[in-house]
Amino acid sequence: MLHVDLDQFIAAVEVLRRPELAGKPIIVGGRGDPTERAVVSTASYEARAFGVGSGMPLRIAARKVPDAVILPVDHEAYLEASEAVMGTLRTQPGAVVQVLGWDEAFVGIQTEDPEAYARQLQAAVLERTQLHCSVGIGDTLVRAKVATGFGKPAGVFRLTAANWLDVMGSRPTKDLWGIGAKVSGRLAKLGINTVAELAACDPQDLVPEFGPKMGPWYAQLGRGEGASVVDDTPWVPRGHSRETTFQRDLTEPDQVNDAVRELTAHVVEDVVADGRPVVGLTLKVRYAPFLTKTHARKIPETFDASEILARAMDLAAGIEAGRPIRLLGLRAEMPMPDDARKGHTPTRSGW
Numbered sequence: 237m238l239h240v241d242l243d244q245f246i247a248a249v250e251v252l253r254r255p256e257l258a259g260k261p262i263i264v265g266g267r268g269d270p271t272e273r274a275v276v277s278t279a280s281y282e283a284r285a286f287g288v289g290s291g292m293p294l295r296i297a298a299r300k301v302p303d304a305v306i307l308p309v310d311h312e313a314y315l316e317a318s319e320a321v322m323g324t325l326r327t328q329p330g331a332v333v334q335v336l337g338w339d340e341a342f343v344g345i346q347t348e349d350p351e352a353y354a355r356q357l358q359a360a361v362l363e364r365t366q367l368h369c370s371v372g373i374g375d376t377l378v379r380a381k382v383a384t385g386f387g388k389p390a391g392v393f394r395l396t397a398a399n400w401l402d403v404m405g406s407r408p409t410k411d412l413w414g415i416g417a418k419v420s421g422r423l424a425k426l427g428i429n430t431v432a433e434l435a436a437c438d439p440q441d442l443v444p445e446f447g448p449k450m451g452p453w454y455a456q457l458g459r460g461e462g463a464s465v466v467d468d469t470p471w472v473p474r475g476h477s478r479e480t481t482f483q484r485d486l487t488e489p490d491q492v493n494d495a496v497r498e499l500t501a502h503v504v505e506d507v508v509a510d511g512r513p514v515v516g517l518t519l520k521v522r523y524a525p526f527l528t529k530t531h532a533r534k535i536p537e538t539f540d541a542s543e544i545l546a547r548a549m550d551l552a553a554g555i556e557a558g559r560p561i562r563l564l565g566l567r568a569e570m571p572m573p574d575d576a577r578k579g580h581t582p583t584r585s586g587w
């Protein structure tokens, strides 16, 4: 199986539209105004060299790279480019394509020479879209995904059971797909610092710290194991969410209520378009300067916009009065269809 990851995708799309930006540090985020509250969506390799990364506040990114070209997010342009790439992948001989997002997908193939197939795939994507991609080859989805990082930019790399520990064994556990800094820190407290140490541990030893499901799963990640089938069943979202970062903190109850009503209206539009009822709501509140809290509840299955709004306003009643708010978000949970793809992530032996 192959993992195909477009190189600096959003920045690359912007360069295609503005060739004069090639080679310059590019930062894409918000409305392209670093004086506003927004975060970096992506940065070109030239900007990343200065320490700019996705999720970083745009104003901080602008300080790191004063000469950067800062552009607004253009969702429609990126979606159009993504669809062209995924369409190209689906035309490859014998390919089963599992889309993970705008800029990445798994491709299941049967071939005696996966490197040659990967290079053919890269050439097809480049010819059709003028975008470069990196390809990871693996015998599990986890190994293919991790392999891609060694192939960037525009290269090909293979990780299998045969070379997994040779390549990954001495690396810190946070280098694994699915393990971030927090989990890595908790593993370190158990004396597990490297991928090799995680691979060698008894999965049951992780249960007291991480639980009966996550503990064995982390041990499985250490070995690079997991699902080994690419599933092209269309992904069905478990919910729809919207959020708004306010350029000025909300301080008055009427402002908060109006914002919740507006968020709810947008979420209801998404739910109605999806055709599934709402069964739960989660309200995210980010207080100034940066403390985030959530309020959630299950609700009786409903399509009724007025009922959904009433339940959202119930959640809003839990907001601390008088405390400045910089962000509000609302997520609606929906029941999953019987034929939906099973599992949560490709790594958890699911899809």
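For the sequence shown, the working numbering assigns the number 237 to the initial residue and increments by one for each residue that follows.
The C-beta atom is built at its ideal place from N, Cα and C for all residues, glycine as well.
In chain order, what residues of the same chain have a beta carbon less than 8 Å from the beta carbon of Pro-582, not counting five sequence neighbours either side? Note on Pro-582: pLDDT 48, under 50, position unreliable in the model; the coordinate value appears next. Excluding residues within five positions, the ones whose Cβ falls inside 8 Å are Gln-334, Leu-336, Phe-342, Leu-377, Val-378, Lys-381, Gly-462 and Ala-463.
CA nearest to the CA of Pro-571, picked from Arg-474, Val-508 and Thr-528: Arg-474
Tell me which residues share the same chain as Lys-388 and place their Cβ nearer than 8 Å to its Cβ, disregarding the 5 neighbours each side in the sequence. Asp-241, Asp-243 and Ser-370
Cβ neighbours of Val-218 in the same chain (closer than 7 Å, five flanking residues each side left out): In the structure displayed, the chain extends from 237 to 587; residue 218 sits before or after that span and is not available.
Taking Ile-535 as the reference, give the member of Thr-528, Ala-546 and Pro-525 with the closest Cα. Ala-546
Ala-568 versus Arg-484, Arg-407, Ala-553 and His-531, residue with shortest Cα-Cα distance: His-531
Between which two residues does the beta strand (DSSP E) containing Ile-485 stretch? Note on identity: in this sequence residue 485 is Asp, with Ile being the wrong assignment. Asp-485 -> beta strand (DSSP E) spans 475-486.
C-alpha gap between Val-249 and Asp-339, whole angstroms: 11 Å
Quick one: Cα of Gln-440 to Cα of Pro-452, how far? 7 Å
Per DSSP, the bridge partner or partners of His-531: Leu-519
Have a look at Ala-360 and Val-443 and give me their C-alpha separation to the nearest angstrom. 45 Å
Per the DSSP calculation, Val-305 is bridged to which residue(s)? Ile-262
Should Gly-458 go down as buried or exposed, given a rule of 16 or more other Cβ atoms within 10 Å for buried? buried
Take Leu-252 and list the residues in its own chain whose beta-carbon comes closer than 7 Å to its own, dropping the five residues that flank it on each side. Gln-366
List the endpoints of the continuous alpha helix (DSSP H) containing Gln-346. No alpha helix (DSSP H) contains Gln-346, which DSSP labels as neither H nor E.
Between the Cα of Ala-331 and those of Ile-345, Met-322 and Thr-324, spot the shortest distance and give me the residue it belongs to. Ile-345
Mind checking Pro-489: buried by the 16 CB within 10 Å criterion, or exposed? exposed
Compare the Cα-Cα distances from Ala-548 to each of Arg-533, Lys-300 and Arg-407 and report the closest residue. Arg-533
Let's test the definition: count the other Cβ atoms within 10 Å of the Cβ of Arg-394 and tell me whether it reaches 16, buried, or not, exposed. buried
Can you check which of these residues, Arg-562, Asp-574, Pro-573 and Leu-566, is closest to Glu-599 by C-alpha distance? For residue 599 there is no data in the structure shown, the boundaries of the chain being 237 and 587.
Would you mind listing the beta strand (DSSP E) stretches within the segment 357-439 that are 3+ residues and don't spill past its ends, in chain order? 369-374 and 392-395
Going by the DSSP bridge assignment, what does Ala-341 pair with across the sheet? Val-240 and Val-335
Using the three-state DSSP reduction, which class does Thr-324 fall into: helix, strand or coil? helix
Can you tell me where the beta strand (DSSP E) holding Glu-569 begins and where it ends? 561-569
Distance between Pro-560 and Ala-524 (C-alpha atoms, nearest Å): 6 Å
Is the segment 502-517 touching the segment 406-419 in the sense that three or more CB pairs, one from each, lie closer than 8 Å? no
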